[in-house]
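Residues 417 to 783, numbered by this note's numbering, are exactly what the sequence shown covers, in order.
For glycine and all other residues, C-beta sits at the position ideal for the given N, C-alpha and C.
All values reported here derive from a predicted model rather than from experimental measurement.
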Amino acid sequence: MKRREFIGAIAGATAATALSACGKDESQATAAASQPQKTYEWKMVTTWPKNFPGLGTGANNVARLINEMSGGRIKVKVYGAGELVGAFEVFDAVSAGNAQLGHAGAYYWKGKIPSAAFFSSVPFGLTANEMNAWLYYGGGMELWEEAYKPFGLIPNPAGNSGTQMGGWFNKEINSVKDLEGLKMRIPGLGGEVLKRAGGVPVTLPGGELFPSMQSGALDATEWVGPYNDLAFGFYKAAKYYYTPGWHEPGTTMECMINEKAFNELPVDLQSIVRNAMKVANLEMLAEYTARNQQALQTLIHKHNVELRQFPDDVLQALKTLAEQVVEEEAQKDALSARVWASQKTFRDQVVKWTEVSEQAYIRARSL
């Protein structure tokens with residue numbers, strides 16, 4: 417009896433201690449929950465005009481998603497090109513920590529990182545869906561992060577314009593000779609291909625394109641597609657609108673993060689930031705697919721734009737030159753060679769699936 421009473425007393429004391437501990441843990445958790453959580457004030461600089469449809473609003477969307485998904489714990493303020501820094505100063509601003517985020521196109525930084533253009537778009541390369549597949553599941557993200565790490569930056573896909581248009585021209589393009597001496601705004605690897613064809617590639621931010629076309633400083637320009645091109649009013653400055661956008665078949669937009677600022681975030685907020693960019697990546701492609709087809713009809717039927725296709729022999733010549741340019745660019749440094757080897761291998765594999773799936777279906781739907 418005494419033994420049972422002794423054991424019962426111990427059990428009771430243990431239970432009381434456990435209850436006391438539970439009560440203490442609960443009160444501590446409640447106290448912690450009631451404490452105000454730390455908030456972070458971030459700046460995002462962009463290469464796009466403020467609130468520009470698709471691109472500028474895409475940057476706004478990243479900021480909105482981060483704000484909402486974090487419950488206001490991260491507050492991102494967006495600055496359009498020229499508001500805080502110039503369009504082509506975005507990379508340096510985020511690298512230096514003067515802004516925590518930068519929304520841009522990776523091909524703008526080709527002069528700083530030779531491999532950068534491969535993470536944006538390659539002439540006659542991957543479509544938007546194929547590009548996402550390579551980045552997320554084909555090793556592309558790991559290579560992209562390696563390329564940006566020396567600059568204290570973490571890259572992320574944060575949008576895609578889909579296949580772009582070939583551009584606006586003030587004269588017809590009937591042969592490769594018509595490209596000779598042509599002053600055209602076309603960045604990245606596409607610009608190198610035009611140069612090889614005898615043209616004069618020019619890199620200008622979006623806000624300078626319309627006046628340059630109007631003044632004759634440019635003979636042609638590519639920008640994105642009907643949605644953005646209608647907003648810029650290019651139909652007032654050029655007569656011919658060419659397709660397809662051989663130079664940018666599926667252009668990834670980036671949102672780079674200052675690595676130091678990212679590492680200061682708790683793990684849950686780090687996950688929120690990166691997943692917000694994934695959502696924005698999906699939403700931009702969907703928006704462009706919806707808006708481009710509407711804008712194209714407006715350009716053709718309201719503004720009498722002449723829609724033209726590049727002749728097959730012109731496309732074949734550009735493709736041959738593109739293969740040469742891309743291979744040469746890939747040999748500029750060891751990382752570029754590795755990036756292109758990865759993307760090329762993935763392209764050669766995925767194209768077989770694309771041909772028997774989407775391409776075959778689109779062909780059948782057109783019968």
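Query	Result
Taking buried to mean at least 16 other C-beta atoms within 10 Å of its own C-beta, is Arg601 buried or exposed?	buried
Using the three-state DSSP reduction, which class does Gln453 fall into: helix, strand or coil?	coil
With 7 angstroms as the threshold, decide whether the Cβ of Ala753 is near any Cβ in chain C.	Among the chains in the structure shown there is no chain C, since it carries only a single protein chain.
Run through the segment 446-514 for me and flag every whole alpha helix (DSSP H) of 4 or more residues, listed as ranges in chain order.	472-485, 506-511
One question on the structure: do Lys459 and Ala515 come within less than 7 angstroms of each other, judged by their Cβ atoms?	yes
Tell me, please, which residues DSSP counts as bridged to Lys599.	Val616
Suppose you measure from the CA of Thr579 to the CA of Val478; what does that come to, to the nearest Å?	22 angstroms
Which residues mark the beginning and the end of the alpha helix (DSSP H) in which Tyr552 is found?	544-553
Find out if the Cβ-Cβ distance for the pair Met365, Leu569 is shorter than 7 angstroms.	Here the chain has residues from 417 to 783 only, and residue 365 is not among them.
Suppose you measure from the CA of Trp550 to the CA of Trp525; what does that come to, to the nearest Å?	20 angstroms
Let me know if Ile490 comes out buried or exposed under the rule of 16 or more other beta-carbons within 10 Å of its beta-carbon.	buried
Measure the beta-carbon distance from Val730 to Val538 and round it to whole angstroms, keeping in mind my assumption that it falls under 8 angstroms.	Actually they do not touch by this definition, with Cβ atoms about 19 angstroms apart.
Look at the alpha carbon of Val510 and the alpha carbon of Tyr552, and state the distance between them as a whole number of angstroms.	23 angstroms
Which same chain residues end up closer than 7 angstroms to Val741 when comparing Cβ atoms and leaving out the 5 residues on each side of it in sequence?	Leu605, Glu608, Val609, Arg612
Looking only at its chain, what residues have a beta carbon closer than 6 angstroms to the beta carbon of Val767, apart from the 5 residues adjacent to it on each side?	none
Does DSSP classify Gly518 as helix, strand or coil?	strand
Can you give me the start and stop residues for the alpha helix (DSSP H) that Ala769 sits inside?	According to the sequence provided, residue 769 is Trp. The question's Ala does not apply to it. Residues 750-770.
Under the three-state reduction of DSSP, which class applies to Phe534: helix, strand or coil?	helix
Checking 7 angstroms against the spacing of the C-beta atoms, do Lys466 and Gly472 come in under that value?	yes
Please state the DSSP three-state secondary structure of Met700.	helix
Less than 6 angstroms separating the Cβ of Ser536 from some heavy atom of the ligand SAM?	Of the ligands one can find in the structure shown there are none, so the ligand SAM has no counterpart to examine.
Under a three-way DSSP split, which group does Met629 fall into?	helix
DSSP state of Trp525, grouped into three classes?	helix
Using a Cβ-Cβ cutoff of less than 7 angstroms, which residues in the same chain neighbour Gly582 once the five nearest sequence positions on both sides are dropped?	Glu638, Tyr658, Thr659, Pro660, Gly661, Trp662, Phe726
Restricting to Cα atoms, I'd like to know which of Lys493, Ala522, Gly541 is closest to Ala532.	Ala522
From Asp594 to Phe585, what does the alpha carbon distance come to, in whole angstroms?	11 angstroms
Are the CB atoms of Gly498 and Thr462 within a distance shorter than 7 angstroms?	no
Nearest to Glu664 by CA position, among Arg690, Val640, Tyr651, Asn674, is which residue?	Val640
Kindly indicate the opening and closing residues of the alpha helix (DSSP H) around Leu734.	728-746
Under the rule that 16 or more other beta-carbon atoms within 10 Å means buried, what is Arg763, buried or exposed?	buried
Taking the alpha carbon of Ser486 as the point to measure from, which residue in Arg690, Gly556, Gly623 has its own alpha carbon closest?	Arg690
What span of residues does the alpha helix (DSSP H) with Trp560 cover, start to end?	556-564
Taking the beta strand (DSSP E) that Asn576 belongs to, which residues open and close that run?	573-576
List the whole-angstrom C-beta distance separating Glu670 from Pro530, where the pair is believed to meet the contact cut-off of C-beta under 8 angstroms.	Wrong, their Cβ atoms sit about 16 angstroms apart, outside the cutoff.
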